[in-house]
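Student: Can you read through this structure? Questions will come right after.
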Amino acid sequence: MTADRDDLVRADASIATGNPGADGVPTHPQAVATVARVVEVADALWPFRSQESWDASELVVGRPYAPVRRILVAVDPVSSVVQEAVDLDVDLLLTHHPLMLGGQSSVAADHYKGRLVHELIENRIGLLACHTNADSAESGVSEVLIQACGVSRARPLQPLAEDPATGLGRIGGLDEPVTLEDLARHLAAVVPPTAQGVRVAGPKDREIRTVAVCGGAGGSLLDDVAATEADVYVTADLRHHPVSEAREAAMHGGDDGLCLIDLSHAASEWLWVPVGAAALEEALRGRGHDVEVLVSERRTDPWDFRVPSPHPEPQDRWT
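UniProt numbering puts the first residue of the sequence shown at 1, with every later residue one more than the last.
Pasting the structure below:
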């Protein structure tokens with residue numbers, strides 16, 4: 001016999017209060033948040049309407065009226081993070097990257113995504129994705145990244161028409177100029193360590209005054225950045241040909257060439273995780289909810305190791 005929706009709602013109410021809800025309406029104490037309330041607060045912080053058309057920022061797993069007392073925030077919904085959520089006895093896992101992005105049509109447990117969904121459901125853990133909506137938000141991924149670069153006031157590279165203070169990417173000026181090498185070394189010390197490290201294209205001693213960033217894969221914004229006054233673009237997942245062309249311009253085209261700093265995709269976005277977790281907890285507590293929001297400690301960068309060159313740095317010749 002399969003439980004209907006009213007049965008599930010009453011069950012959730014019973015878990016939260018010790019008593020079934022009247023007529024299927026949960027009767028949570030005010031201090032107990034629900035999945036629906038967390039989604040509502042997340043929407044206020046990182047509006048879901050601002051996500052890109054191809055994105056899947058939404059509640060992926062979870063009953064809206066299930067109680068939430070503890071939340072874990074991470075970059076990726078991978079198996080190690082789901083296990084961490086189980087071990088920490090959380091009620092909701094909030095990840096930056098969606099689990100079901102890319103046309104997934106089945107949650108059968110013979111596929112790893114399906115197994116993760118089953119594990120979450122079996123442990124009564126919800127899953128919420130905040131992806132490009134968190135990228136575009138005023139206090140989102142790119143805003144945190146550009147602040148890590150030393151820029152205190154920035155504007156979006158692609159402002160949203162309905163709210164020009166939000167949008168993909170950020171650009172802004174440094175209070176004091178630095179060299180390209182110094183900025184890269186600073187970022188290497190700020191982001192979590194990865195096998196990739198920090199890759200740089202451009203002269204080490206190039207003076208950097210204006211910085212553009214896009215947390216995550218920012219190759220699609222390269223033309224937008226090139227049309228600005230930016231001296232360097234900090235992002236991830238850059239491809240060979242655009243980088244080669246930008247490097248040629250930076251090395252041999254005078255001071256107008258755009259330098260590039262390529263971070264690990266996950267590392268460039270991880271900086272937002274503790275900031276987003278703190279903002280979510282503050283917003284929930286400000287609404288009277290006693291909720292603890294934790295930051296995942298699991299590395300989700302997919303590269304496990306690299307084999308370094310025997311040379312300390314790339315040489316001008318390969319032979």
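Ideal Cβ positions, reconstructed from N, Cα and C, are used throughout, including at glycine.
Return the chain-ordered ranges of every alpha helix (DSSP H) run that is complete within the segment 21-82 and spans a minimum of 4 residues.
Tutor: Correct list: 35-45.
Student: Can you tell me whether Ala236 is buried or exposed? The criterion is at least 16 other CB atoms within 10 Å of its CB, across all chains shown.
Tutor: With 16 or more Cβ atoms within 10 Å of its Cβ, Ala236 is classed as buried.
Student: For Glu138 and Ala165, I'd like the C-alpha separation in whole angstroms.
Tutor: Cα to Cα, Glu138 sits roughly 6 Å from Ala165.
Student: For a test of the three-state rule: what should DSSP assign to Gly216, helix, strand or coil?
Tutor: Gly216 falls in the strand class under three-state DSSP.
Student: For Asp76, which residues in the same chain have their Cβ closer than 7 Å to its Cβ, ignoring the five residues on either side in sequence?
Tutor: Thr95, His97, Ala266, Thr300.
Student: Between which residues of its own chain and Glu52 is the CB-CB distance below 6 Å, once the five residues before and five after are set aside?
Tutor: Excluding residues within five positions, the ones whose Cβ falls inside 6 Å are Thr132.
Student: Report back the beta-carbon spacing between Ala148 and Val141 to the nearest angstrom; my notes put them in contact at under 8 Å.
Tutor: Incorrect: roughly 11 Å between the Cβ atoms, too far for contact.
Student: What span of residues does the beta strand (DSSP E) with Ala172 cover, start to end?
Tutor: Inspection of the sequence shows that residue 172 is occupied by Gly rather than by Ala. Taken as a continuous stretch (DSSP letters only), the beta strand (DSSP E) holding Gly172 covers 170-179.
Student: Taking the DSSP output, what are the residues bridged to Glu292?
Tutor: Glu292 is bridged to Arg70.
Student: Would you tell me roughly how many angstroms separate the C-alpha atoms of Val90 and Arg69, rounded to the nearest one?
Tutor: Distance between the alpha carbons of Val90 and Arg69: 7 Å.
Student: Residues in its own chain within less than 7 Å of Arg209 by CB, not counting five upstream and five downstream?
Tutor: So the list reads Gly173, Leu174, Pro177, Asp231, once near-sequence residues are dropped.
Student: Exposed or buried, Ala109, counting other C-beta atoms within 10 Å across all chains shown (16 or more means buried)?
Tutor: When all chains shown are included, Ala109 counts as exposed.
Student: In the DSSP output, what is Arg317 paired with across the bridge?
Tutor: Bridge partners of Arg317: none, in fact.
Student: Nearest CA to the CA of His240: which residue from Leu99, His252, Leu222, Ala161?
Tutor: Per the Cα distances, Leu222.
Student: Work out the CA separation of Arg49 and Ala279 for me, nearest whole Å.
Tutor: Between Ala279 and Arg49, the C-alpha separation is close to 19 Å.
Student: Going by Cα to Cα distance, which pick from Leu128, Glu122, Ala31, Leu157 is closest to Ala74?
Tutor: Of the listed residues, the one whose Cα sits closest to Ala74 is Leu128.
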